[in-house]
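Trainee: My questions will all concern the structure given below.
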Ligand SMILES: Nc1ncnc2c1ncn2[C@@H]1O[C@H](COP(=O)(O)OP(=O)(O)OP(=O)(O)O)[C@@H](O)[C@H]1O
Ligand SMILES: Nc1ncnc2c1ncn2[C@@H]1O[C@H](COP(=O)(O)OP(=O)(O)OP(=O)(O)O)[C@@H](O)[C@H]1O
Ligand SMILES: [Mg+2]
Ligand SMILES: [Mg+2]
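Chains as they are written, first to last, in the working numbering: chain G, 1 to 240; chain S, 1001 to 1240; chain P, 2001 to 2251; chain X, 3001 to 3218; chain C, 4001 to 4218.
Dropping the structure here:
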């Protein structure tokens, strides 16, 4: 589904990703953990090329998206992304947020977009907020709308960048619940998170990153209970 | 030490605190928990009158600080406060941040302020950052500087408003460690936090607030293991 | 305020004479203009001569056009000389000396223009300098504040408007338009004269209302008419003899 | 010094006519200037520095020289070059628009750059193009933030239109000067003009505040 | 049309002298205007609406009327009232300063209000007074943010000083006009002035950018 080969990314002199290789299989849920500044967000943002990569290749369903001939906007419709700070459009209602990309990019009809939007809102439990503006929502509600907005493009893969870290503790649960449901439905997901509970419960595989490298990867029970690398052990001792 | 009587606070029509009564004894560590919007921050901010209170009395060491004749700046020198977002002064170095209030308010000599500042920085483990600017520090370091800055005024009481909730998970520990040390040294503290581990380990008493009321208060082991009120139970089920 | 350009004209000092503050707008060649930082021109030489005749010392200062009136009305300046046209509206606020200059207005048009008289100006747009006899003359012809009259801050801009096709003609003092045509032969302009269409307009010295200086200066003006000093200055600047009869008849 | 109310009354119809032209000049210039300013502002934020250079040059020249000079150059140079004759009103609108465009371009640039980058990323991650994102996401939000500075610019424009009296555009100040030179009076025309300008700018501020408030509640 | 370089050379010493006065006028006005603007800006953000009212009034009047009118009123009214005589340079500095102060007051107000409230609370919670917090915490940060808009205002001021030619302050434009009316020329004087103004504003922008960059690294 996703194959990442020798990915490198520098900001000026600062090499943030140093030769990263990874594979994500269809329907797999990969959780990425690691200390702040280790390159987790950059890794995720490279996958849908919000950052132009410095070297390497990224294949999505066999297509080399780093090839200049590939239409990156087309690729991005296949890859949904959810950000830490939601990035909802404050001047549009919840429904308009969800419908915007389907209308403008997929050119679906207004009725179809509305109908699908309503279904997605029901799915994330916010049908009654369709006409509210983002500012009137709680953090957890905002993040659920952001998930619905990404799903409206019917992506094959979803990327999550610390979707719960800007939320009040009571709201973390409701967002994780939606994500768990997505995983159960077989969505392919790459999730950067500090929620170790989620990683253990939902993750098929955990990747530990540090200083631009993938230091260790394994199934959750192994990585949490028997980390092999010193750096992994040090990190887990602080956050568990 | 602190006695709060019939405290009420409204923002316009919105009554945020509805008759709150509380006592904090010397050397006691009181932890305040509760859902978002329940009035925890407002409660804390009323204690040192960052919010002008609508009704009621607040006594600090027997002095009614709501009395107009009381010099509130004097009171505030006795009550240190640490904020969620640090509120360090970005145009001043770490040392200047710490020395500013002692120099301008307490009018201590520069040598004395420097010496005391250095001691405090050693205490929070940041002696080598004395001449750094806040922007170059990590979140955990910033918060430890903020604590040192508050301590530089030699307050009798310290108020903490979610001191770790803007921090990356690995940095939470270092800040909680400093707070634990303060508690061990006998500082009177009121701490709003979502860190239940800290509440259990350090708290002498836990106050649960909801919708502007103190719903329940008790020693940590009782409140976490045998909450009496339905609302307390519902809240704890979400966050534990 | 040390940079202010002050030109004292009293070369021969009159120890008893009071020093008068004389204001002008040095922006109207050849009557008053700046040569470098010196205010020169016909008006300047004239006021110099008249003041001396009247027994005063003159200190001429270029203050700009609008400021002249504030300075005079508030009596901070004693006399204004700036090719100022005398008319009835202005007499409501200020006193004027006897006329000291007969202004003949002429029409400046492109060489190819078929305007041959004042009457043919009607229906064309005409550029003038605000507050000059040229404006007075054209307004008498077309009507006050007529929409075809374009009033500019100075003749320089009015002529520019003509050159760029925004006006069919400029009406201004003969000296101004003739000087311009002489100095700019490449612009292909010509001067049209029509003494019937335009009334005679006169320049006067301007005083604050009720000024005691008016009488002295009226006498002095007439004195230099008689002793030939006026004709001397006039010839120096315009190269011809003045029409003293018309000027005197106007008194 | 007596204040001559009578000459103000005499000139009232002309001042009114002038004020109407002042309004007309200002409104058309702000509209054209806003449109041009948007293009220039977008030009300035282009990644390609070579393509962006002319826009930088434009803004530098128009912000670096007095409006008076621009008015002269346009009135006596540009307009006759194209039409063969001068036209004070046309030149006035062009000069004010081009001048305002340079300032408005900066307002646009600042407005666009004040929008959190997360908005751009949010939209791009949904597969929207840069242009679609600008049109549907960034600009609508930037516009809202630009209303206060645009309002200021409008007020500046309104007052700057008074400089058009030098090319004999018959706006408010032109008639004020005509009045002054007929009677050789200074206070009456300038104070009268000042009050009319103040009135116009106050009405404008009021309207802009209302607009701002309405947009905020949306 | 031939371009008369010779008359530009002839007038070069006067243009230079004029440019120096232009610089002097602008620099003194921006300094005084900044000082007054700070006071007025602080006045406007006072809680007590009655005390703040005169400051609002000041800003409204000075922003709502053309600078030209203000120059006349100050030159013929205010200055002679105090000193008994007119003085174009003094009136120029006063008019430009008072006008700029109204705009700078808004810049200050915006700058102060752009500082996160947490800064005020952080300092107040340490027992510092409102005044101490303003002086040591809020204003130093606000100043830094105000450099770009203040720089703009400085450039506006520099160009606006050209209006002082109407009261015969011998600054750059005054000499340009003198040159124009001696030779009946438009392009030479105005283009020469335009280039000098452009040069001055560019040097100014450059210096301000440098300052901004230096402050950012601190
Ligand atoms: N746009 C950028 N320009 C320059 N440097 C950047 C940029 N984005 C990220 N970096 C740098 O790249 C490194 C990795 O950043 P990244 O955001 O990927 O880390 P992260 O693992 O997501 O950390 P966190 O847990 O704090 O989100 C950091 O050192 C950061 O400073
Ligand atoms: N300055 C203010 N003006 C108006 N309303 C306010 C203000 N500050 C707080 N409120 C309101 O008061 C209520 C309580 O806010 P408060 O910040 O005290 O809650 P909290 O318990 O600290 O929540 P959180 O966990 O999100 O920090 C909320 O409804 C909030 O909207
Ligand atoms: Mg990240
Ligand atoms: Mg709070």
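Ideal Cβ positions, reconstructed from N, Cα and C, are used throughout, including at glycine.
1. Within 10 Å of its beta-carbon, does residue 87(G) have 16 or more other beta-carbons around it, so buried, or fewer, so exposed?
2. Mind listing, in chain order, the continuous beta strand (DSSP E) runs of no fewer than 3 residues lying wholly within the segment 164 to 228 of chain G?
3. Let me check you understand the geometry: is the CB of residue 1042(S) closer than 8 Å to at least one non-hydrogen atom of ligand 2?
4. Quick test of the definition: if touching needs 3 or more C-beta pairs under 8 Å, does the segment 1072 to 1090 of chain S touch the segment 1107 to 1125 of chain S?
5. Any idea which residues DSSP pairs residue 2189(P) with across the strands?
6. From the beta carbon of residue 2089(P), is the nearest beta carbon of chain X less than 9 Å away?
7. May I ask you to report which of helix, strand or coil DSSP gives residue 4086(C)?
8. Decide if residue 2013(P) is buried, meaning its Cβ has at least 16 other Cβ atoms within 10 Å, or exposed.
9. Following a CB-centred definition, is residue 1020(S) positioned closer than 8 Å to any heavy atom of ligand 4?
10. Could you tell me the distance, in whole angstroms, from the CA atom of residue 1083(S) to the CA atom of residue 4122(C)?
11. From the beta carbon of residue 206(G), is the nearest beta carbon of chain S less than 9 Å away?
12. Say the cut is 8 Å; is the CB of residue 1087(S) nearer than that to a heavy atom of ligand 2?
13. Return the residues of the segment 4049 to 4070 of chain C that lie within a Cβ-Cβ distance of less than 9 Å from chain X, sorted by chain order.
14. Would you say the beta carbon of residue 196(G) is closer than 8 Å to some non-hydrogen atom of ligand 1?
15. Is any heavy atom of ligand 1 found at a distance shorter than 8 Å from the C-beta of residue 16(G)?
16. Spell out the partners DSSP gives residue 2024(P) in its beta bridges.
17. Are there three or more Cβ pairs, one per stretch, closer than 8 Å when the segment 4161 to 4179 of chain C is compared with the segment 4109 to 4119 of chain C?
18. By DSSP, does residue 4186(C) sit in helix, in strand, or in coil?
19. Report the residues of the segment 1127 to 1154 of chain S with a CB closer than 7 Å to any CB of chain G, ordered along the chain.
20. So does residue 12(G) have its beta carbon nearer than 8 Å to some heavy atom of ligand 1?
21. In this structure, what does DSSP give as the bridge partners for residue 2194(P)?
22. Please go through the same chain and pick out, in chain order, the residues whose beta-carbon is closer than 8 Å to the beta-carbon of residue 3021(X), but skip the five residues on each side of it.
23. Could you tell me the alpha carbon to alpha carbon distance between residue 3013(X) and residue 4153(C), rounded to whole angstroms?
24. Tell me the residue span of the alpha helix (DSSP H) that contains residue 2129(P).
25. Going by DSSP, what residue range makes up the beta strand (DSSP E) through residue 1158(S)?
26. Examine ligand 1 and report whether any of its heavy atoms sits within less than 8 Å of the Cβ of residue 202(G).
27. Counting only beta-carbon atoms, is residue 4160(C) nearer than 9 Å to chain X?
28. Would you mind working out which of 2176(P), 2217(P), 2225(P) sits nearest residue 2107(P), comparing C-alpha positions?
29. Taking Cβ-Cβ distances shorter than 7 Å, what residues in chain P pair up with residue 3018(X)?
30. So, at 7 Å on beta carbons, what are the nonlocal neighbours of residue 21(G) in its own chain, with the 5 sequence-adjacent residues on each side left out?
31. Compute the minimum distance between the beta carbon of residue 1165(S) and the heavy atoms of ligand 1, and state whether it is under 8 Å.
32. Note down, in chain order, all residues in the segment 3123 to 3146 of chain X with a beta-carbon under 8 Å from any beta-carbon belonging to chain G.
33. What is the residue span of the alpha helix (DSSP H) that residue 2184(P) lies within?
34. Out of 1167(S), 1157(S), 1172(S), state which residue places its alpha-carbon closest to the alpha-carbon of residue 1189(S).
35. Run through chain P and tell me which residues come within less than 7 Å of residue 4180(C), C-beta to C-beta.
36. Could you check whether the Cβ of residue 2225(P) sits closer than 9 Å to any Cβ belonging to chain X?
Mentor: With the given structure in hand:
1. buried
2. 188 to 192, 205 to 210, 213 to 218
3. yes
4. no
5. 2110(P)
6. yes
7. coil
8. Reliability of the predicted coordinates at residue 2013(P) is poor, the pLDDT of 42 falling under 50, and no value is obtained from them.
9. no
10. 8 Å
11. no
12. no
13. 4060, 4061, 4063, 4064, 4065, 4066, 4067, 4068, 4069, 4070
14. no
15. yes
16. 2062(P)
17. no
18. coil
19. none
20. yes
21. Beta-bridge pairing links residue 2194(P) to no other residue.
22. 3089, 3169, 3170, 3171, 3172
23. 36 Å
24. Taken as a continuous stretch (DSSP letters only), residue 2129(P) belongs to no alpha helix (DSSP H), being part of the beta strand (DSSP E) at 2126 to 2129.
25. 1157 to 1161
26. no
27. yes
28. 2176(P)
29. Chain P residues near residue 3018(X): none, gap ~11 Å exceeds 7 Å.
30. 4, 5, 6
31. no
32. 3123, 3124, 3125, 3126, 3127, 3128, 3129, 3132, 3136, 3137, 3140, 3141, 3144
33. No alpha helix (DSSP H) holds residue 2184(P); DSSP gives it neither H nor E.
34. 1157(S)
35. 2156
36. no
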